[in-house]
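Encoded as structure tokens, the structure appears first; notes follow it.
In our numbering, the protein residues as written are 982 to 1139.
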């Protein structure tokens, strides 16, 4: 298959991975609870968690809107037609996955569930190893030196 037509992933599983991590965090809190001492009152962790969750949603929506405006695919299992380096992609090469992770941290704060933080880290590692690297190989084969320049000036996550 031509590199220009190849897809980075067969299935858009990073979305599913983050969803499964959230389900696992809820289940782990029931099975192996990690005690959390909240000395600040209910509203402070809830407010901070709500802010994180909102920031994550806004980041995801901004990135999706930027991809759609540039007329390229949002789905990681489709072939990219354009290299997008503007909007949130100026700050991170993976703003949607970063947004998912920030949402997980926000939910963990609202729920006072440390398993969300643990599984957010695990999810970032798994997503990087199996999805991000495959997507980067696809973009390198598709856009070559232009993608290499973008990688030099923009970090993978933050």
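Built from N, CA and C at the ideal position, the CB exists for glycine as well.
Distance between residue j and residue i (C-alpha atoms, nearest Å)
i: residue 1120; j: residue 1105; result: 20 Å
i: residue 1032; j: residue 1123; result: 37 Å
i: residue 1030; j: residue 1036; result: 10 Å
i: residue 1042; j: residue 1108; result: 19 Å
i: residue 933; j: residue 1139; result: There is no way to answer for residue 933, as the model of the chain reaches only from 982 to 1139.
i: residue 1090; j: residue 1021; result: 12 Å
i: residue 1080; j: residue 1057; result: 15 Å
i: residue 995; j: residue 1063; result: 21 Å
i: residue 1025; j: residue 1044; result: 29 Å
i: residue 1027; j: residue 1007; result: 17 Å
Exposed unless 16 or more other CB atoms sit within 10 angstroms - verdict on residue i
i: residue 977; result: Residue 977 is absent from the model: the chain starts at 982 and stops at 1139.
i: residue 1074; result: buried
i: residue 1127; result: exposed
i: residue 1136; result: exposed
i: residue 1061; result: buried
is_contact[residue i, chain B] using C-beta, thresh 8 Å
i: residue 1025; result: No chain B is part of this structure, which consists of one protein chain only.
Residue i CB to nearest heavy atom of the ligand ATP below 7 Å
i: residue 1053; result: The model depicted lacks the ligand ATP and carries no ligand whatsoever.
Quiz item: Which full runs of the alpha helix (DSSP H) of 4+ residues lie inside the stretch 1009-1088, going along the chain?
Solution: List check, alpha helix (DSSP H) in window: 1024-1050.
Exercise. Run through the stretch 1103-1134 for me and flag every whole beta strand (DSSP E) of 3 or more residues, listed as ranges in chain order.
Key: Taking only runs of at least 3 residues, no beta strand (DSSP E) segment lies wholly in the stretch 1103-1134.
Quiz item: Is it a yes or a no for the stretch 1091-1103 touching the stretch 1011-1022, going by three-plus beta-carbon pairs under 8 Å?
Solution: Per the Cβ contact rule, the stretch 1091-1103 is in contact with the stretch 1011-1022 (3 or more Cβ pairs under 8 Å).
Exercise. Give a yes or no on contact between the stretch 998-1007 and the stretch 1080-1088, applying the rule of three or more CB pairs nearer than 8 Å.
Key: These segments touch.
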